Structure formats: structure tokens, C-alpha cells
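Below is one structure, written out as C-alpha cells, with a few remarks after it.
Residue numbers (the numbering used here), protein chains in the order written: chain L, 1 to 286; chain D, 1001 to 1132.
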């Protein structure tokens, strides 16, 4: 009976490992935080590419000292604070999934307990001989007996929270993707258009020689390239969010009939992909 | 009842504004020589207004998306709090296991008549209990 219980505990623990959840959660929280760090803010776009700001680039007065109306960008600031709130909520959720699934945090080491028992034994039961082999076997068994229920308890809680919140996360990630893909990307397209309308058109018309025109074109191309980099970052961020969304669902429900082995291998591949995207985002900032 | 735009509709409208600005700029670039000063000023004013409105629309759409997702965000925050509380409970279980281990060590010290060990063991247990 006891043997069956121990075997059951070991089996439970090994099947329902929290390790995949932990690895996923860590990558997801790092990746989501990186999205906020690497993409342009709405306020930054307003501060740099608002028509009134861009018009300063065609100011021909001495030291470009003409007075231009200042842009205050209230909607942009509001958009930033709401986007940050969404990002932070996701980061907090994934970080907490990571903390609860962290095996280091709750792994119980029975070493001290076993050593103390081994020291007591000669005084209490001198006739009973405890060899090192027996002691280490007891140690292993105790670790299993004490840790497996904890693991099972944590895993049960994690799966239940992830299932309860899978569709909620789906909505939040979809909203976040919309903000990045439509609103932020739209602002970047708008910034490109603003540059064309208020800088390029003016400078090009003022250029008197082919050399001047070529220089204006060069500046224009540089600007467009930098804006395209921003859009590449957004596309990478959206791809990462899609992977996170898919993996959360997979960890919460699995993929019948393939089971846990399929989930584990899929999660492993996706973590590599998420980490690759994080490195690419970091590269694009440099 | 007055109808309001949702975030997707507002986005489409903003994109139309951006395209309109693009078309006006194209026109300006191709007909710059034919335009008089007043026409150029008028075009620039129009462009400035269209650009400002489009920029604000993109930013404003975030508020609309947020309003739609507010409930889900709160649910996710609650789930995070729930996990935080669970973590505290799990850590307490861990601490109880540590206390069991410390008590065993204390028993060892008592049997061995190790006065220093007994004192250290009691201190350790008091500290652990204090932390739970």
C-alpha cells in the first residue's frame, strides 16, 4: 500500500512537471517587457514627428530660431499610459506564473533531516545499522515524498489559473496586438507622411541643383529606413505575442491526443523562437 | 441614440486621413510650380490639420481598445493576485517542512546533551516560526 502511494506520488510528479510552465512564463515575461522597452512610444512619435516639430527642420532663419507652437500631445500621453498598463499587467501575470512554477523556490532538501536522524539512530537504536547507502536511499525517498505533493499541488493550481484565464489572456493579447499593429504602426505611417509633407516636399522644392536634390533624397531615404526598422520591431513583437498566446493555451489544455510530451516539445521550440525574437529586438535598438 | 465609432472604425478613418494627406502631398510635389503663394499656404494649412487629426485618431483608438478590454485586464490582475496569495501559502508549507527538519536536529542535540546545539536549535526554530 505504502509502496503504491510512493510510486503514485513519483508518477504524478514526473508527469505533471511545472518546468515547462516555468520556462514558458520566464520567456513570456522577458519578451513582453522587451516589447515595451524596444518599441517607440506614442508620445515620442508626437514629440519628434508632429507637423509643428517637423516644420522646424525647414526653418531657414538664423540658427532656426523662429517661434513654432509647442505640441502637447495629450492623447498620445494617454495612449502611452494605457499601453503600459496592458503591458505591465501581462508582465506581472507571466512573472507570477514563473514564481509559482519555480522549482527552486519550493524544492525541499531532506539532507539535514536525514543527517540528524542518522546521528540520533546509534543512541536510540544502537542495534540497527544504517549504512551510507541506506541513508542516501532514505534521503531520496524523503525528498520525493515531501516534494511531489508540493509539486502536484502547485501544478494543479497553475493549470486551474491558466485555464480560467486563457480566454481572458486571449482578449488582452489581441487588444495589445491591435494597439501595436494598428495604432502604433498607424502613427509610424503618419510620421512618414508628415516627413514627406512638411520636410521632404518643402526641401525638394527649394533645392536648386541636382546635388541638393540628391541630398534631400538621401535624407528622406534615411528617415524612411529608420521608420521601417520601427515597423519591423512591431511585427516581431506581434509574432511573439501570438506565440505566447498559443503556448499559454497549449499549457492550459494540452493537445489531445498527443498529450504532455507534444506540449513539452512544442513549448521548447517556441521558447527558442521567443528568445531569438528578443535578441532581434535588442539588435534593432542598437 | 447617437452612434459612436469603435476602435476599428476609427482606425479605418485615420488611415483614410493619412492616405488623403499622401495624395495632397503628391499633388503639391507634382504641381508646385503652378501654385501661387496663397494656394501653397492653403495646402500647407490643410495638410497640417489633416496630419494633426489623423495622429490624434490613432492615439485615441488606444483609449477605445482599452475601454473594451478593461474587464479582462482586471480579471488578469485578479489572477495575478490569486497566484501571489497561493505562492505565500506554498512558501509557508515549505517553512513548516523546514521547522520539522529543525526540530529533528534539536532532538539530536538533546539526546547528545549538546548544550550549544540545543540553544542554536531553539534559536533557529524561534526564528523560523517568527518568519511564518
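Idealized CB from N, CA, C, for every residue including glycine. Since the model is a prediction, treat every value here as computed from it, not as a measurement.
Quick one: Cα of residue 34 (chain L) to Cα of residue 1064 (chain D), how far?
24 angstroms
Could you check if residue 1033 (chain D) is buried or exposed, using at least 16 other CB atoms within 10 Å of its CB as the buried criterion?
exposed
Closest Cα partner of residue 227 (chain L) within the set L:49, L:81, L:156:
L:49
Just to confirm the assignment, what range does the alpha helix (DSSP H) spanning residue 1027 (chain D) have?
1007-1031
Please work out which residues of its chain come closer than 6 angstroms, Cβ to Cβ, to residue 1133 (chain D), disregarding the five sequence neighbours upstream and downstream, and give them in chain order.
Since the first and last residues shown for chain D are 1001 and 1132, residue 1133 (chain D) lies out of range.
Return no unless some Cβ of chain D is closer than 8 angstroms to the Cβ of residue 155 (chain L).
no
So, is the C-beta of residue 1054 (chain D) closer than 8 angstroms to a C-beta in chain L?
yes
Using only the alpha-carbon positions, how far apart do residue 987 (chain D) and residue 1047 (chain D) sit?
Outside the modelled stretch of chain D, which goes from 1001 to 1132, sits residue 987 (chain D), for which no answer is possible.
Does the distance from the CB of residue 55 (chain L) to the CB of residue 223 (chain L) come in under 8 angstroms?
no
Closer than 8 angstroms, CB to CB, is residue 1042 (chain D) near chain L or not?
no
Alpha carbon to alpha carbon, what distance is there between residue 42 (chain L) and residue 26 (chain L)?
27 angstroms
For the alpha helix (DSSP H) holding residue 74 (chain L), just list the boundary residues, first then last.
74-100
Contact under 8 angstroms by Cβ, residue 1042 (chain D) with residue 1007 (chain D)
no
The stretch 91-104 of chain L touching the stretch 57-65 of chain L, judged by at least three CB pairs closer than 8 angstroms
no
Please say whether residue 244 (chain L) and residue 181 (chain L) have beta carbons closer to each other than 8 angstroms?
no
Can you give me the start and stop residues for the alpha helix (DSSP H) that residue 49 (chain L) sits inside?
42-49
Identify each residue in the stretch 1062-1089 of chain D for which the Cβ-Cβ distance to at least one residue of chain L is less than 8 angstroms, and report them in chain order.
1062, 1063, 1065, 1066, 1068, 1069, 1072, 1073, 1075, 1076, 1077, 1079, 1080, 1082, 1083, 1084, 1086, 1087
With a threshold of 16 other CB atoms inside 10 Å of the CB of residue 1089 (chain D), please say whether the residue is buried or exposed.
exposed
Between the stretch 166-176 of chain L and the stretch 1064-1073 of chain D, do at least 3 Cβ pairs fall closer than 8 angstroms?
yes
9 angstroms Cβ cut-off: residues of chain D touching residue 212 (chain L):
Ordered by position in chain D, no residue passes the 9 angstroms Cβ test against residue 212 (chain L), which lies about 15 angstroms from the chain.
Which two residues bound the contiguous alpha helix (DSSP H) that contains residue 186 (chain L)?
185-195
What does a CB cutoff of less than 7 angstroms around residue 207 (chain L) pick up in its chain, not counting 5 residues either side in sequence?
213, 216
Is there a Cβ from chain L that is less than 8 angstroms from the Cβ of residue 1027 (chain D)?
no
Is DSSP giving residue 170 (chain L) helix, strand or coil here?
helix
How long is the line joining the alpha carbons of residue 1067 (chain D) and residue 176 (chain L), rounded to whole angstroms?
12 angstroms
To the nearest angstrom, how far is it from the Cα of residue 1092 (chain D) to the Cα of residue 161 (chain L)?
20 angstroms
To the nearest whole angstrom, what separates the beta carbons of residue 21 (chain L) and residue 239 (chain L), a pair I think is in contact under 8 angstroms?
Not really, about 22 angstroms apart at Cβ, beyond 8 angstroms.
For residue 1055 (chain D), which three-state DSSP category applies?
helix
Nearest to residue 30 (chain L) by alpha carbon, out of L:90, L:40, L:79?
L:90
Could you spell out the range, first to last residue, of the alpha helix (DSSP H) harbouring residue 204 (chain L)?
201-206
Under 8 angstroms between C-beta atoms, does residue 1138 (chain D) make it to chain L?
Only positions 1001 to 1132 of chain D appear in the structure, and residue 1138 (chain D) is not among them; the question remains open.
Where the alpha helix (DSSP H) containing residue 230 (chain L) begins and where it ends
210-253
Backbone secondary structure at residue 1068 (chain D) - three-state DSSP
helix
Does any C-beta atom of chain L lie closer than 8 angstroms to the C-beta of residue 1048 (chain D)?
yes
Can you say whether residue 1038 (chain D) is buried or exposed, counting buried as having 16 or more other CB atoms within 10 angstroms of its CB?
exposed
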